[in-house]
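A.B. asks: First the structure, then my questions, so here it is.
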Amino acid sequence: MDTVKNYLQGEGGHDYEHTLRVYNLCMKLAKLEGGEVEVLKAASLLHDIARPLELTSGVSHAIKSAEIAEQILRQTDFPEIKIEKVCRVIRTHRFTEGIEARELEEKILRDADRLDAMGAIGIARAFMFGGKNGRSLEETIKHFHEKLLVLREKIYTNNAKRIAVERHKFMEQFLDKLQKEVLGEE
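Going by our numbering, the sequence shown opens with residue 186, and the numbers climb by one from there.
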């Protein structure tokens, strides 16, 4: 855990707290949907470990995180037979890579990561990221429409879909209210 915390310190919306929320969502979804808990624990905790390196290296954090995860897991007593599966789950978690999630664990991690970009926490993360990266209010709102409001349609598991419906609705309500306030209507 300390290794993950050290890698992700000061990462804004993709920080250690994001990792813990994704971990908790994975555990909840695994309980409801099934899946190998041990694989999901490792994959969720390590899925964004290379996020800080993405900007400097130009390599996708999903690919690099899988490489780092393999190194970390090989230094522990984690079952050798499950390491490649953990790495595959991590590699497929980022939908912009164009790799389709096929295994249940891949779908659960991807769903959990997407759910953490939705709802109240998704709103908070979007504005944290926008502030950290100098985005204007208009640019952050554009991000909602281009990415966050389409996530609901990209959820795999039934239980995650139920959560996504509520979180999506909350984001729409927030954006409606924000738009009215920006225009001086309220």
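Where a beta carbon is used, it is the ideal one built from N, C-alpha and C, also for glycine.
By DSSP, does L193 sit in helix, in strand, or in coil?
C.D. replies: Here residue 193 is taken as the residue at index 8 of the sequence shown, counted from 1. Any reading at L193 must be qualified, since the residue scores a pLDDT of 48, below 50, and its modelled position is unreliable; the value itself is stated next. DSSP places L193 in helix when its eight states are reduced to three.
A.B. asks: Sort M212, L300, D262, K267 by Cα distance to R279 and report the nearest one.
C.D. replies: In the sequence shown, counting from the first residue as 1, residue 279 sits at position 94. Taking only the C-alpha atoms, the option nearest R279 is L300.
A.B. asks: Are H315 and R352 touching if we call contact CB-CB under 7 Å?
C.D. replies: Translated into positions along the sequence shown, residue 315 becomes position 130. Translated into positions along the sequence shown, residue 352 becomes position 167. Note on residue identity: the sequence assigns Gly, not His, to residue 315. Inclusion of G315 and R352 in the CB contact set at 7 Å is not warranted, their separation being larger than that value.
A.B. asks: Roughly how many whole angstroms lie between the Cα atoms of K365 and K327?
C.D. replies: By one-based count along the sequence shown, residue 365 stands at place 180. By one-based count along the sequence shown, residue 327 stands at place 142. Roughly 16 Å between the two C-alpha positions.
A.B. asks: By the 10 Å Cβ neighbour count, where 16 or more other Cβ atoms means buried, how is L193 classified, buried or exposed?
C.D. replies: Your numbering for residue 193 matches position 8 in the sequence shown. Bear in mind that the predicted position of L193 carries a pLDDT of just 48, short of 50, making it unreliable; the figure below should be weighed with that in mind. The residue is buried, with at least 16 neighbouring Cβ atoms inside 10 Å.
A.B. asks: By how many angstroms is the C-alpha of F312 removed from the C-alpha of R320?
C.D. replies: Counting from 1 along the sequence shown, the entry for residue 320 is found at position 135. Counting from 1 along the sequence shown, the entry for residue 312 is found at position 127. C-alpha separation (whole angstroms): 9 Å.
A.B. asks: Using 7 Å as the threshold, is the C-beta distance between I284 and H232 below it?
C.D. replies: Reading the sequence shown from its first residue, position 99 is the one you call residue 284. Reading the sequence shown from its first residue, position 47 is the one you call residue 232. The answer is no: Cβ separation not under 7 Å.
A.B. asks: Hey, could you find the ends of the alpha helix (DSSP H) R206 is sitting in?
C.D. replies: On the sequence shown, position 21 is the one that residue 206 refers to. First-last of the alpha helix (DSSP H) with R206: 201-218.
A.B. asks: So, for L210: in the same chain, excluding its five sequence neighbours on each side, which residues have a beta-carbon less than 7 Å away from its beta-carbon?
C.D. replies: Taking the sequence shown and counting its residues from 1, one reaches residue 210 at position 25. Counting only Cβ-Cβ distances below 7 Å, and skipping sequence neighbours, we find A297, L300, D301.
A.B. asks: Leaving out five residues on either side along the sequence, give the residues of the same chain with a beta carbon under 6 Å from the beta carbon of I348.
C.D. replies: Reading the sequence shown from its first residue, position 163 is the one you call residue 348. Within the same chain, I348 has close Cβ partners L300.
A.B. asks: Below 6 Å CB to CB, which residues in the same chain sit around E291 once its five sequence neighbours on both sides are set aside?
C.D. replies: As a first step, residue 291 is located in the sequence shown; it is residue number 106 there, counting from the start. Hits under 6 Å: V274, T277.
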